[in-house]
Every structure is written in structure tokens, then in C-alpha cells.
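J.: First the structure, then my questions, so here it is.
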Amino acid sequence: MLHADLDAFYASVEQLLDPSLKGRPTAVGTGVVLAASYEARSFGVSAGMPAWRARQLCGHLRFVPGHFREYQRLGDQVVDLFSDYTPLVERISIDEAFLDVAGAGRLFGSPTEIAAALRRRVREEVGLPLSVGVARTKHLAKVASQVAKPDGLVVVAPESEREFLHGLPVSLVWGIGPKSQANLARVGIKTVGELAEAPGNVLERLFGRAIGEKMASLATNIDPRQVGHQRAASSIGAQAALGRQRPTGDLLRSTLGYLADRVASRLRAAERAARTVTVRVRFPGMRAVTRSTTLAVPVDTTLTLTEIATELACTALAQNRSEKEVTLLAVSASRLVAPSLQLALGLCRPSAPAGRDASAGTVLAARWALDHSVDAVRAKFGRGAVGYAAPTLSSAARVPEAFRELAEH
DNA sequence: TCTGGGGTCCTAGGACCC
DNA sequence: TCTGGGGTCCTAGGACCC
């Protein structure tokens, strides 16, 4: 099993596109660091950091806004190259993938030889540094590639798995983030070896049953996962950071309209409709609340989704009146099912011949027709041709569309 | 002067049903 | 009148990943 991971991907691409950045501390992003080159990391700059903080740490940091379409193109090019060696490629994100090369030995050599070939070809043909981990299982291969970074190759032989894992920090285990790391440190567990020796009931008490069991199995290296293919998404969402703003009617209308439009058009493109709609509102200080509702009639219509999202947001705000400003709004659609206009119309008019329900059905049919016209125009002339044009939204559109599209898996 | 955008999975508690 | 156990669905929150 191989895990291949492009190093500091966005930043490496920028250094490739603009050679004057090569060897220099480089960060991609505008208000926040989306990716930092290894030169920048040596100053303590890391992804997720506010830009002002990054500049504080590294005065001569070069900040670039990002070439998001190039990331997609080059990421695809690299993954295409992987499939020269095996059809069993599981892409996890734009810049990393698992490769099952168990059956490729006859043609291309041992896993270690294939890993070396991948690194050489990605460097020569694409121009990017690639780290690769080689091991018996997915989890171990992933840990190995993290250890290999930057621009390295780490092979874990089956007989030295325990030894390899033993001294590593628990944060390298997949699923152990900052909070879990802190919780484990509190009971004296810092390394994977210590985690493996911890009694099951301790982990269960700290993290609950499922996660406790998973941690134990990863630490003791029982990892049955195979390389699979992509599953269909189980939710579709969109969010917009707003800085600090008072939640006026105008702000809610424009932002939720824009977000609902993004979500609903993606639902329609995927031929899905959502039974559950969730809205998230974040306040200064990062505290966030969510409100959700599950519908009898699945929704994929922009205006209907906008109305539902607005109601949910108003509920959340009404229940948090002490908060005077919001910093983020998000709309998410889940419990996805096949869309059915017939079902929707049928449920809208059970028996009433001329009452409210019948007119609700008419409204729905009109909205359905409107959405499909909008989708058709956009398919022909592009997203900005009609509808909620991002540029008219001062706050929601601070992020380029291309970045949003890149983040959609 | 408190950090982007897009996701997954887990847990707890309540409602409801048998 | 109060009691038991189990299952499903839903809401809200949180941790984590790229």
C-alpha cells in the first residue's frame, strides 16, 4: 500500500508558476493562510492562521492570492500519472491518494520501487515535490508519508511496524486532533506506543465507545480498510465568512440567498433533493449554533431552500439575542434522496381544490421551472450569467468562486 | 483585532412506537 | 396506576480531516 501526498501543495504550485518564489517563504491566501511553503513554516506560519499573524512571524513573507484552477489541473495530472501503475487509486483530496500496488509487481517492481518512480516522475514531469509512505496498511502508509515529508520516502517493513509506530506522537494517528491530543496528554499518553498500551476502558471513558475502539485499533495497528472508490456525498453545503456584521434583514437575504443558490444548484446538478436543511450561525469568539429541520417533501428549489434557511437563521438569532454580530453563515443540505416534482406537488395539494395548498403547488411548479431555466442558461453562459451574481455580494463573495469549486470534493 | 470553505462521523437526549 | 426494554428518527453540538 502506498500513500502519496504532494508537499505544501498550493504553495508548491505557486513556486512552480513564479520561480521568483522558489526557496522563499510563501503563503497562499488573502485574509487567512490557506497553505504555507516549508520556508514559511520554519517561521511558524501555518495553514488557518490569520494573515496579519503570519506577517508578524515572517516579515518578508510573500503572500499570493492563489491560482485555484491550476491546483485542480496539476492535482489531476499527478493522479493520472498514478494510474499508470495501478487502477486501484483512491483519491482522498486534491493532493493525496492511496495506491494499492499489490498486483503491479510483475510490471513495475516492488512497492518501494514504484514509490521511488512516482516521486521521480512527478518531480520531472509536473515539477512538484511528492512524499510517499509505503506500508502494509492504509493507516500505516499514511503515517509513513507524514513522517517522510517534506519530499521524502519512508518504507515500513512488516516486521518493524511496532518499532516504527512506538515512538511517534499520537497526533500522527488519523483522527487524533488537537483536542484529543490534549485529553490524552492529561492522562500521560503522548506516543503511539503509550496509546497502544492504554487500557480500553480509559480510552472509552475519554472519547466514547466508537472513537475509543478506533484509536486502540489504529495504535495496535489492526487496520482492515481497503482502497475503495469514491462514495457519493451525503451532504452538500456552502458557507460564507462575513467578518463582523450586524445580522440585518439585508445581510440575511443576500447571504442566505447566495448560499442557498449554490447549494440548490449543486443538488440539482447531482440529481438530489434534501430532506434535511441545516443552518449554522457563528458569532464573534467562534461560538456557533446550528438549527436544522427535516422535511416531508425533499427540497432542491433555490427559492424554497432560501426561505427555509432564512427561517432557521431567524430562529437561531432569536434564541441568541445577546449576540449583536455574526461572523459566518452556512447552509447545508443532507439526507439526500432522489428528487420528485410529482411527490412535491402531490403533497402540496392533498384535497383542497382552490385553497392555499393548491396555490402552493402552483408556486412550486413555477419555481421548479425557473430553476431549470436558470440552470440551462448557466450551463451555456456560465454561473455569473444569471441569478445571484457573486460580485454584487460584498461580503459573501470575498472568496473566489474557483476556490469554492476546488473545495467541492 | 479571533481563522477559509467543503466535508465526515460520533454522541446525547428527546419523541414516539411496540 | 405505574412499570420495563428496545428500536427508530430527529436535533444540536463537537471533533476531525483536507
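Just so it is clear: in the first sequence, position 277 is 276 by numbering that gives the first Met the number 0, and no numbers are missing.
Ideal placement from N, C-alpha and C gives every residue a C-beta, glycine not left out.
Every value quoted in this text rests on a predicted model; they were computed, and no experiment measured them.
1) Quick one: is the Cβ of Tyr37 within less than 7 Å of any heavy atom of the ligand COA?
2) Over what stretch of residues does the alpha helix (DSSP H) that includes Gln76 continue unbroken?
3) Near Ala353, which residues of its chain fall below 6 Å by C-beta distance, leaving aside the five closest residues on each side in sequence?
4) Which of helix, strand or coil does DSSP assign to Ser144?
5) Have a look at Val31 and Asp6 and give me their C-alpha separation to the nearest angstrom.
6) Could you tell me how far apart the beta carbons of Lys189 and Pro168 are, in whole angstroms, since I believe they sit closer than 8 Å?
7) In the stretch 99-157, which residue ranges form an unbroken alpha helix (DSSP H) of at least 4 residues, counting only runs that do not cross its ends?
8) Return the residue from the list Leu342, Gly47 and Tyr257 that minimises the CA-CA distance to Pro297.
9) Return the bridge partner residues of Arg61 from the DSSP annotation.
10) Quick check on this structure: which residue in Gly58, Pro64, Gly65 and Ile93 has the alpha carbon closest to the alpha carbon of Asp75?
11) Going by C-alpha distance, which of Val154, Ser36, Asn319 and Glu407 is nearest Ala231?
12) Kindly indicate the opening and closing residues of the beta strand (DSSP E) around Glu89.
13) Give the straight-line distance between the Cα atoms of Lys369 and Glu324, rounded to the nearest whole angstrom.
14) Can you tell me whether Pro177 is buried or exposed? The criterion is at least 16 other CB atoms within 10 Å of its CB, across all chains shown.
15) Short of 7 Å in beta carbon distance, which residues of its chain neighbour Thr314, apart from the five on each side in sequence? Order them along the chain.
16) How many angstroms separate the CA atom of Glu162 from the CA atom of Ala156?
17) If you draw a straight line from the alpha carbon of Thr25 to that of Ser234, how long is it in whole angstroms?
18) Please state the DSSP three-state secondary structure of Leu167.
19) State yes or no: is the C-beta of Leu60 within less than 8 Å of the C-beta of Ala46?
20) From Leu266 to His66, what distance separates their C-alpha atoms?
21) Ordered along the chain, which non-local residues of its own chain (more than five positions away) have a Cβ less than 6 Å from that of Arg334?
22) Would Pro390 be called buried (16 or more neighbouring beta carbons within 10 Å of its own) or exposed?
23) Give me the Cα-Cα distance between Arg52 and Val27, rounded to the nearest whole angstrom.
24) Return helix, strand or coil for Ile210, following the three-state DSSP convention.
25) I need the boundaries of the alpha helix (DSSP H) containing Val479, first residue and last residue.
26) Here's a check: name, in chain order, each residue in its chain whose Cβ is nearer than 7 Å to the Cβ of Leu316, leaving out the five neighbours to either side.
27) Can you give the Cα-Cα distance for Val12 and Arg204, rounded to whole angstroms?
28) Return the CA-CA distance between Pro86 and Ala101, expressed in angstroms with no decimal places.
29) What's the C-alpha gap between Ala272 and Asn220?
30) Please specify which runs of the alpha helix (DSSP H), each continuous and at least 4 residues long, are wholly inside the stretch 225-254, giving them in chain order.
31) Is it buried or exposed, Val262, if we count other Cβ atoms within 10 angstroms and call 16 or more buried?
32) Residues in the same chain with beta-carbon distance under 6 Å from Leu340, minus the five sequence neighbours each way, listed in chain order, please.
33) Taking its Cβ as the centre, do 16 or more other Cβ atoms sit within 10 Å of Phe380, making it buried, or is it exposed?
34) Exposed or buried, Gly236, counting other C-beta atoms within 10 Å across all chains shown (16 or more means buried)?
35) I'd like the span of the beta strand (DSSP E) that includes Ala329, first residue to last.
36) Is the beta carbon of Ala329 closer than 8 Å to that of Ser410?
T.: Looking at the atomic coordinates:
1) Because no ligand of any kind appears in the structure shown, any question about the ligand COA cannot be addressed here.
2) Phe67 to Phe81
3) Low per-residue confidence applies at Ala353: pLDDT is 49, beneath 50, and the placement is therefore not dependable, though the value from the model is reported in the following sentence. Correct list: empty, nothing qualifies.
4) helix
5) So the two alpha carbons sit approximately 19 Å from each other.
6) At roughly 6 Å, the Cβ-Cβ gap stays under 8 Å, so Lys189 and Pro168 are in contact.
7) 104-107, 110-120 and 137-147
8) Answer by Cα proximity: Leu342.
9) Thr25
10) Ile93
11) Glu407
12) First-last of the beta strand (DSSP E) with Glu89: Val88 to Ser92.
13) According to the sequence displayed, residue 369 carries Leu and not Lys. Their Cα atoms are separated by approximately 34 Å.
14) exposed
15) Arg290
16) Going by the C-alpha atoms only, they are around 10 Å apart.
17) 34 Å
18) Looking at Leu167 - three-state DSSP - the assignment turns out to be coil, as it is neither helix nor strand.
19) no
20) Rounded to the nearest angstrom, the two C-alpha atoms are 26 Å apart.
21) Residues of the same chain with a CB within less than 6 Å of the CB of Arg334, apart from the 5 flanking positions on each side, are Arg274 and Thr275 in chain order.
22) With a pLDDT of only 43 at Pro390, under the threshold of 50, the placement of this residue in the model should not be trusted; the figure read from the coordinates follows. Per the 10 Å Cβ criterion, exposed.
23) Each residue's Cα considered, the two are about 14 Å apart.
24) helix
25) Here the chain covers residues 0 to 408 and nothing more, so residue 479 does not appear.
26) Pro246 and Val280
27) 44 Å
28) 11 Å
29) Rounded to the nearest angstrom, the two C-alpha atoms are 40 Å apart.
30) Within the stretch 225-254, no complete alpha helix (DSSP H) segment of 4 residues or longer occurs.
31) buried
32) Trp367
33) exposed
34) Buried, by the Cβ-count rule.
35) Val325 to Val336
36) The displayed coordinates of the chain run from 0 to 408. Any statement about residue 410 would go beyond what the structure contains.
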